[in-house]
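**Student:** Numbered per mature numbering (1 follows the signal peptide of the UniProt record, and there is no 0), the sequence shown spans residues -23 to -1, 1 to 274. Starting off with a structure, shown below.
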Amino acid sequence: DGDKLFRVLSALQLLLLLPLVGLQKMGPEFANLDASWLVLQFLLEPYLNIVLQIQPPAQPGWDHTEEKIENGYYRIRPRADREPFLVYCDMSDGGGWTVIQRRSNGKENFNRKWADYKQGFGQFQSKNDEYWLGKGIILSAQLLTKENSLKIDLMDWHGERRYAIYENFQIKNELWVGTYSGNAGDALFGGSNFEEQWSASHSGMPFSTSDKDHDRFLAGNCAQENKCGWWFNRCHAANLNGQYYKTGNYTGRHDNGVVWSTWHGFWYSLKYTAMKIRLPSFVDVGMNVVSNIRTQK
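See the structure below:
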């Protein structure tokens, strides 16, 4: 039945991967054998990729819409990118969320150049480590489809939480977001005021850093003023990569905090943010979980 096939294919995948990892560590004298394992893995990959497409039949007391994978750091390999990479997988709200950005304590420096934002940076150890996954990796994680969902989790310094969900999220040369839902307000589209949308909407904007200015602010450089990389317009209605102020309300020459203006305005810096993406039906797209690094619930 489906449950047995799921278990058999999962075990087969593990048996193939473990020897390959061991051989790679044993040195060049095992290169031929290592290559043989790579060939075998390549030949069987079409079959292994269906492991997570098969949903075991519902068991008594188990809702089959719930995934068995727990929150934690995983090495995943989407079909569009054969090289595994490390991500934090969030299995809340139906599961399948890949966290691409997180702010939680101000320990990570987000005032970085273009190369860092492309490559990614930060800590990948505990549940609340801060990081930016990297534009190149985000492109791989979203599988270049136009039907990704983006969910943004926000928390202020009083512990109140809000969220925003955008359908049809996509990053290519620019950020594109579709229909909004949630209770944090539609900051990525610049809010409800047309004049603010003209100057602050982030949809359709390319990414900017201090050394690569792609914004529409002719009198300056938004990334330099805000000391971070982001999809700036003239400049922003939301900026989750901004300076981390541990006071909530802040003052300064520029409104450069961790901002979601449709909730707390421009002069309140949030305590926690997480940006996470999910494919419309993540079980059916061949997302291949290679290994679980550690689980942090």
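Ideal placement from N, C-alpha and C gives every residue a C-beta, glycine not left out.
What residue range does the beta strand (DSSP E) around K158 cover?
**Tutor:** For the record, residue 158 in the displayed sequence is Ser; it is not Lys. Per DSSP, S158 belongs to the beta strand (DSSP E) from Y157 to G159.
**Student:** If you reduce the DSSP assignment to three classes, tell me which class K253 lands in.
**Tutor:** Note: K253 maps to strand in three-state DSSP.
**Student:** Please list the segments of the alpha helix (DSSP H) lying wholly inside the region 65 to 106, counting only runs of 4 or more residues, in order along the chain.
**Tutor:** Counting only runs of 4 or more, we get 91 to 96.
**Student:** Assign K248 to one of three DSSP states: helix, strand, or coil.
**Tutor:** K248: coil per DSSP, three-state reduction.
**Student:** Shortest alpha-carbon distance to A214 belongs to which of G162, G167, D133 and G99?
**Tutor:** When each option's Cα is compared against that of A214, the closest is G167.
**Student:** Is H241 closer than 8 Å to W208 when the C-beta atoms are compared?
**Tutor:** Not a contact, by the Cβ cut-off of 8 Å.
**Student:** Contact between the region 138 to 156 and the region 85 to 105 is defined here as three or more beta-carbon pairs at a separation below 8 Å; is this criterion met?
**Tutor:** No: the two stretches stay apart, fewer than three of their Cβ pairs being nearer than 8 Å.
**Student:** Just tell me which of D133, K189, N210 and M132 has its CA closest to the CA of W175.
**Tutor:** Residue N210 is the option with its Cα nearest to W175.
**Student:** Can you list, in chain order, the residues of its chain with a C-beta nearer than 7 Å to that of G83? Leave out the 5 residues immediately preceding and following it.
**Tutor:** Counting only Cβ-Cβ distances below 7 Å, and skipping sequence neighbours, we find Y221 and K223.
**Student:** From the DSSP output, in three-state form, read off K112 for me.
**Tutor:** The answer is helix: DSSP assigns K112 an H, G or I state.
**Student:** Using only the heavy atoms of the ligand ZN, determine whether one of them is closer than 7 Å to the beta carbon of Q220.
**Tutor:** Ligands displayed in this structure: none; no statement on the ligand ZN is therefore possible.
**Student:** Whose C-alpha, out of D93, C212 and T239, is nearest the C-alpha of L195?
**Tutor:** Among D93, C212 and T239, the Cα nearest to that of L195 is on C212.
**Student:** What would DSSP say about N216, mapped onto helix, strand or coil?
**Tutor:** Residue state, collapsed to three classes: strand.
**Student:** I'd like to check one pair, R139 with A161: are the Cβ atoms closer than 8 Å?
**Tutor:** Result yes, Cβ atoms of A161 and R139 sit closer than 8 Å.
**Student:** Could you tell me whether the Cβ atoms of Q102 and A251 are closer together than 8 Å?
**Tutor:** For Q102 and A251, no; Cβs fall outside 8 Å.
**Student:** Where does S169 land, buried or exposed, given buried means 16+ other C-beta within 10 angstroms?
**Tutor:** So S169 ends up on the exposed side.
**Student:** Under 8 Å, do residue 276 and M182 count as touching if we go by C-beta distance?
**Tutor:** Absent from the structure is residue 276, since the part of the chain shown begins at -23 and ends at 274.
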